[in-house]
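These notes are about the structure you will find just below.
Number of protein chains: 2
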Amino acid sequence: MSKTDKRNDILNAAMTLFAEQGFHGAPMAQISERAGVGAGTIYRYFKNRDVLIMEIHTTLFDKFTNHLKERYPHGRPVRECFFHIGKGIIDYFIKQPLEFRYNEQFHHSPYGLEVRRNKLTNTTGEHDIVLELYEKGMEYQVIKPIPMALFFDLAIAPIFWAVRDHHQGFIKIDNALSETIVSSCWDSIRI
Amino acid sequence: MSKTDKRNDILNAAMTLFAEQGFHGAPMAQISERAGVGAGTIYRYFKNRDVLIMEIHTTLFDKFTNHLKERYPHGRPVRECFFHIGKGIIDYFIKQPLEFRYNEQFHHSPYGLEVRRNKLTNTTGEHDIVLELYEKGMEYQVIKPIPMALFFDLAIAPIFWAVRDHHQGFIKIDNALSETIVSSCWDSIRI
DNA sequence: TTTCATAGAATGAATATTCATTCTTGTTTA
DNA sequence: TAAACAAGAATGAATATTCATTCTATGAAA
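Following this line, the structure appears as structure tokens:
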């Protein structure tokens, strides 16, 4: 087994256990067991628990944003871009329950706040498609004149809550309902 | 000091510490210290840690719903009722940062899922004003025909996210912005 | 009024457990 | 053979809960 294999096993095991049981329900011993490695081996690949948690996040985040960027309708109207993103988020996380749960855990932990803070304050750097959408929407005056953070809240919050409800069995999101959700979010931000 | 005083001291100390440091950042010893009681005393009033956490939630929840029910415009149009609730939530949690943070912690923990499950499945029992609003909206066809859980998601999620952003300093919610937020949520659910 | 007895409230040191991290020893690879 | 890798036992710190003991308030007895 190659070096990267083992590293991946650890990442996967940890992601699954954190998703299923929360950060505090998954001790390192359990992670190592599930990954099929010794407890000490984890520390050959990750300095400590926190680093492991952050590493999982960046790995998942990259995978997720790559998915969103696939077939992204660059240059098309703001509304169309918004629908691409909204439905893309739903599609992705409906198919990936564990990644979704990991994400939820992460963003409601101290780690998550840090990340969000960087995201919202560092306008420089990373080329974020949602941020770009906001700026374009403002420029062409197709969305309400509201602060960027609020734009995120209105546009994204119901989507995540709805996906959560789907996974918890409160609703069943099919294509039609997905359309309804994104369309409703659009109604809340469009002028 | 009366018996209820001491119980209240414990509830308050625990609520504050849980809000500030999360459930896992506040050991019982710290709670007892802050409450000004012995470590063992907590266990005279609460069977164990979990019971304490649940008890805080029900206490806060009662307080919160009572606030929402004050001057509730019974019998008025659905839109007006919705604005009362939406702005009521914002007002309340802007003024009560600690209760808000406790709430967030709670609802993103295993305890929270349990509570929400009961809420959405037990249609009998508690007389919930948001539920009533949903049914009335359906009846008069002033809101979109969507599942109840999704109604919650669209109507409430951005409000909570926005309040969180306010407390984290990303936006500043004044009266005007509060109106904008609730109005935007309304746009997403109205027909 | 003062003294004593009692209930039960309160305490916090002691206990038992859990868990991240390190260390020692053995194994594989180059 | 030397160097890197892996395993899992050992360590020590943290922490929820318990429980033997102390304290306090009330009221009866002297």
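Protein chains in written order, with my numbering: chain A, 2 to 192; chain B, 2 to 192.
Think of the CB as a built atom: it goes at the ideal place given N, C-alpha and C, for glycine as much as any other residue.
Exercise. Is it true that the segment 171-185 of chain B meets the segment 98-111 of chain B, where meeting means three or more beta-carbon pairs spaced less than 8 Å apart?
Worked result: no
Exercise. Quick one: any contact between the segment 45-55 of chain B and the segment 9-28 of chain B, if contact means 3 or more CB pairs under 8 Å?
Worked result: yes
Problem set entry | Member of A:Arg191, A:Gly138, A:Ile172 and A:Pro146 whose CA lies at the smallest distance from the CA of Arg77 of chain A | A:Gly138
Exercise. Taking the Cβ atom as the reference point for each residue, do Ser185 of chain B and Ser189 of chain A lie within a distance shorter than 8 Å?
Worked result: yes
Problem set entry | Where Met2 of chain B sits in the DSSP three-state scheme | Here the model assigns Met2 of chain B a pLDDT of 49, short of 50, so the residue's position is not dependable and the matter cannot be decided.
Exercise. Within 8 Å (strictly less), CB to CB, does His109 of chain B reach chain A?
Worked result: yes
For this session: Look at the alpha carbon of Glu21 of chain B and the alpha carbon of His167 of chain B, and state the distance between them as a whole number of angstroms.
Result: 16 Å
For this session: Identify every residue that forms a DSSP beta bridge with Ile144 of chain A.
Result: A:Arg191
For this session: Could you list which residues in chain A have their beta carbon closer than 9 Å to that of Glu105 of chain B, in chain order?
Result: His109
For this session: Tell me whether Lys173 of chain A sits in a helix, a strand or coil according to DSSP, three-state version.
Result: coil
Exercise. When burial is assigned at 16 or more other CB atoms within 10 Å of the CB, is His85 of chain A buried or exposed?
Worked result: buried
For this session: Thinking Ile160 of chain A and Leu69 of chain A are a contact (beta carbons under 8 Å), I'd like their distance in whole angstroms, please.
Result: Not quite, the Cβ-Cβ distance comes to about 12 Å (not below 8 Å), so this is no contact.
Exercise. Is the beta carbon of Tyr1 of chain A less than 8 Å from the beta carbon of Phe152 of chain A?
Worked result: With chain A represented from 2 up to 192, any question about residue 1 of chain A goes unanswered, as that position is not in the structure.
For this session: Return the chain-ordered list of same chain residues with a C-beta closer than 7 Å to the C-beta of Gly113 of chain B, the five sequence neighbours on each side being excluded.
Result: Phe107
Problem set entry | Inter-residue spacing [alpha-carbon to alpha-carbon] between Phe65 of chain B and Gly170 of chain A | 27 Å
For this session: Indicate whether Ala158 of chain A and Ile174 of chain A have their beta-carbon atoms separated by less than 8 Å.
Result: no
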